[in-house]
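Participant:
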């Protein structure tokens with residue numbers, strides 16, 4: 001009768017293992033284990049034990065005896081999985097000599113096959129042996145990862161190269177929707193990316209949720225070397241993600257100059273708009289990164305004057321709104337149209353005036369921008385400055401060539417001088433009068449700027465206008481007084497105080 005221990009092995013078998021006596025010999029001399037398939041309480045068979053002990057001689061005998069090589073222990077591991085996750089390729093090769101071995105059994109918990117374990121370990125020799133024996137490189141684990149994806153995640157160029165050479169499918173996506181190329185790109189692995197590009201691949205697969213491609217991932221993180229490799233391999237720089245953003249737009253948004261330069265040099269379309277209607281140039285113009293704008297301006301066939309769909313603003317408008325005078329100058333020198341109007345009819349000049357931005361406005365005036373264009377309210381830049389009491393802005397506008405001081409607003413026919421008189425801004429009135437503004441212009445009600453001043457006095461604004469008048473030069477005051485005489489004739493008894 002046999003004496004059996006709790007481990008499930010006979011005393012004889014245990015002694016044989018401890019003394020490194022041939023396991024198969026033990027099986028032949030004892031009747032306590034009826035076959036090589038009997039397992040320990042952990043589910044380990046004699047084959048598994050031989051693999052774990054790295055015992056090629058015993059293992060070879062077991063294989064020759066046609067032991068079942070596909071039995072899994074309680075961990076769900078087969079002998080081949082255990083061998084694959086070790087560095088003993090000789091053990092793997094002995095197992096592969098066995099008949100009816102199933103190379104693609106998957107461990108229950110992780111879903112890993114022997115090939116997954118081999119890729120995780122980074123044993124390229126074992127990986128090659130498994131592939132040549134017919135292991136399925138398309139198998140996915142519970143996360144949807146193939147052996148290729150595992151090799152990429154581990155940044156293992158040697159194992160990956162073997163997988164690529166053996167024709168592994170490089171286009172399979174895991175549960176996150178990521179391909180090996182996407183993973184390499186988003187981690188900036190230029191060397192891994194280049195190895196993947198040596199195999200048969202579909203370059204422009206997009207991740208399901210975001211619509212990101214490998215190039216999009218690379219642009220997001222600013223990996224210029226990876227971006228360059230993808231572009232040289234033919235990556236489509238015009239692909240849009242779910243927000244309509246291209247790789248160029250992302251490089252601009254993230255302020256990655258080196259990556260952006262690679263995209264521009266590759267001839268990427270710089271005029272594509274995202275779902276907001278924004279081009280790369282618009283996005284750059286509304287930032288403070290003039291270097292990004294300058295890189296875009298190096299591109300061929302860039303359209304400087306595309307207008308955003310909602311507001312009708314161009315890159316030039318955005319630059320003026322931001323107040324980045326350096327970007328404004330760069331756009332002007334590149335040929336941006338300063339006459340463009342947004343949906344409100346505002347030009348870049350008008351925007352700079354509204355923002356009270358003397359630096360940007362001065363650049364626009366120096367560049368010869370048209371200062372007489374009216375917006376939908378019929379207002380010129382000079383009118384807006386006058387009605388807001390911006391004497392400094394008014395002065396800059398008056399430095400421009402061909403400025404018309406006497407354009408009248410369409411609705412009620414008021415000029416810049418009228419607007420200035422309405423708010424009683426002495427400094428602006430002075431600037432306009434000294435520049436030659438017409439004192440005799442009447443609005444649609446037949447009222448001049450001087451009459452507006454008189455009306456202010458009649459409504460109790462004398463002290464305010466007088467205080468402002470004290471800041472005016474005597475010449476400007478004389479001009480307004482002269483206008484008053486022109487209107488009132490010889491009657492000089494009026495108590496109206498002039499501004």
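In full-length UniProt numbering, the protein residues as written are 1 to 499.
For each residue, glycine too, the CB sits at the ideal point set by N, CA and C.
Secondary structure at residue 365, three-state DSSP: helix, strand or coil?
Facilitator: It is helical.
Participant: Nearest to residue 90 by CA position, among 75, 109, 55, 71, is which residue?
Facilitator: Taking only the C-alpha atoms, the option nearest residue 90 is 55.
Participant: Alpha helix (DSSP H) containing residue 257: first to last residue?
Facilitator: Looking at the DSSP string, the run of the alpha helix (DSSP H) that includes residue 257 is 257-265.
Participant: If you run the structure through DSSP and keep just helix, strand and coil, what is residue 408?
Facilitator: Three-state DSSP puts residue 408 in coil, outside helix and strand.
Participant: Candidates 278, 291, 227: which alpha carbon is nearest residue 265's?
Facilitator: Per the Cα distances, 227.
Participant: Would you give the residue range spanned by the alpha helix (DSSP H) that residue 455 belongs to?
Facilitator: Per DSSP, residue 455 belongs to the alpha helix (DSSP H) from 449-456.
Participant: Between which two residues does the alpha helix (DSSP H) harbouring residue 90 extend?
Facilitator: 89-96 is the extent of the alpha helix (DSSP H) around residue 90.
Participant: Our contact map puts residue 353 next to residue 338 with C-beta atoms below 8 Å; I'd like the distance itself, whole angstroms only.
Facilitator: Residue 353 to residue 338, Cβ: 13 Å. No contact.
Participant: Beta carbon of residue 49: closer than 7 Å to some heavy atom of the ligand COA?
Facilitator: As far as ligands go, the structure on display features none, and thus does not contain the ligand COA.
Participant: State yes or no: is the C-beta of residue 375 within less than 8 Å of the C-beta of residue 344?
Facilitator: Yes, the Cβ-Cβ distance between residue 375 and residue 344 is below 8 Å.
Participant: For residue 56, report the span of its alpha helix (DSSP H) as first-last.
Facilitator: Counting along the chain, the alpha helix (DSSP H) containing residue 56 begins and ends at 56-64.
Participant: Between which two residues does the alpha helix (DSSP H) containing residue 384 stretch?
Facilitator: Its alpha helix (DSSP H) spans residues 381-387.
Participant: Secondary structure at residue 113, three-state DSSP: helix, strand or coil?
Facilitator: Correct three-state label for residue 113: coil.
Participant: For residue 316 versus residue 297, is the C-beta distance shorter than 8 Å?
Facilitator: No, the Cβ-Cβ distance between residue 316 and residue 297 is not below 8 Å.
Participant: Indicate the three-state DSSP secondary structure (helix, strand or coil) for residue 75 in the structure shown.
Facilitator: Residue 75 falls in the coil class under three-state DSSP.
Participant: Quick one, which of 156, 234, 447 has its alpha-carbon nearest residue 213's?
Facilitator: Considering only alpha carbons, the answer is 234.
Participant: In three-state DSSP terms, what is residue 138?
Facilitator: Here residue 138 sits in coil by DSSP.
Participant: For residue 193 and residue 402, what's the separation of their Cα atoms in angstroms?
Facilitator: C-alpha separation (whole angstroms): 59 Å.
Participant: Output needed for residue 143: all residues of its chain with C-beta closer than 7 Å, excluding positions within five of it in sequence on either side, in chain order.
Facilitator: Within the same chain, residue 143 has close Cβ partners 174, 175.
Participant: Using a 10 Å radius around the Cβ and a threshold of 16 neighbouring Cβ atoms, would you call residue 44 buried or exposed?
Facilitator: With 16 or more other Cβ atoms within 10 Å, it is buried.
Participant: Compare the beta carbon distance of residue 164 and residue 195 with 8 Å and say whether it is the shorter of the two.
Facilitator: Yes; because the gap between Cβ atoms is below 8 Å, this pair is in contact.
Participant: By DSSP, does residue 291 sit in helix, in strand, or in coil?
Facilitator: Reduced to three states, the DSSP call for residue 291 is helix.
Participant: Just to confirm the assignment, what range does the alpha helix (DSSP H) spanning residue 396 have?
Facilitator: 391-397 is the extent of the alpha helix (DSSP H) around residue 396.
Participant: Terminal residues of the continuous alpha helix (DSSP H) containing residue 319?
Facilitator: Residues 315-322.
Participant: With residue 107 and residue 77 assumed to form a contact (beta carbons below 8 Å), what rounded beta-carbon distance in angstroms separates them?
Facilitator: The Cβ separation is near 6 Å, so the contact holds.
Participant: Within this structure, are the beta carbons of residue 257 and residue 305 separated by less than 8 Å?
Facilitator: No, these two residues do not count as a Cβ contact at 8 Å.
Participant: State the start and end residues of the unbroken alpha helix (DSSP H) segment that holds residue 160.
Facilitator: Run containing residue 160: 157-165, per the alpha helix (DSSP H) assignment.
Participant: Does DSSP put residue 338 in a helix, in a strand, or in coil?
Facilitator: DSSP places residue 338 in coil when its eight states are reduced to three.
Participant: Could you say which of 231, 268, 111 lies nearest to residue 248 if we only look at CA atoms?
Facilitator: Out of 231, 268, 111, 268 has the C-alpha closest to the C-alpha of residue 248.
Participant: How many Å lie between residue 385 and residue 307 at the Cα?
Facilitator: Rounded to whole angstroms, residue 385 to residue 307 spans 25 Å at the Cα level.
Participant: If the criterion is Cβ atoms closer than 8 Å, does the pair residue 185 and residue 231 meet it?
Facilitator: In this structure, residue 231 does not lie closer than 8 Å to residue 185 by Cβ.
Participant: Could you give the DSSP three-state label for residue 224: helix, strand or coil?
Facilitator: Helix.
Participant: Buried or exposed: where does residue 24 fall if 16 or more other Cβ atoms within 10 Å of its Cβ makes it buried?
Facilitator: Interpretation of residue 24 is limited by its pLDDT of 46, a score under 50 that renders its predicted location unreliable; the figure taken from the coordinates is listed afterwards. Buried: at least 16 other Cβ atoms inside 10 Å.
Participant: Helix, strand or coil: which one does DSSP assign to residue 465?
Facilitator: Note on residue 465: pLDDT 41, under 50, position unreliable in the model; the coordinate value appears next. Helix, per DSSP.
Participant: With a threshold of 7 Å on Cβ separation, who are the neighbours of residue 210 within its own chain once the five nearest residues in sequence on each side are excluded?
Facilitator: If we look at residue 210 and ignore the five residues flanking it on each side, its Cβ neighbours are 241, 242.
Participant: Residue 154 by DSSP, collapsed to three states: which one?
Facilitator: Note: residue 154 maps to coil in three-state DSSP.
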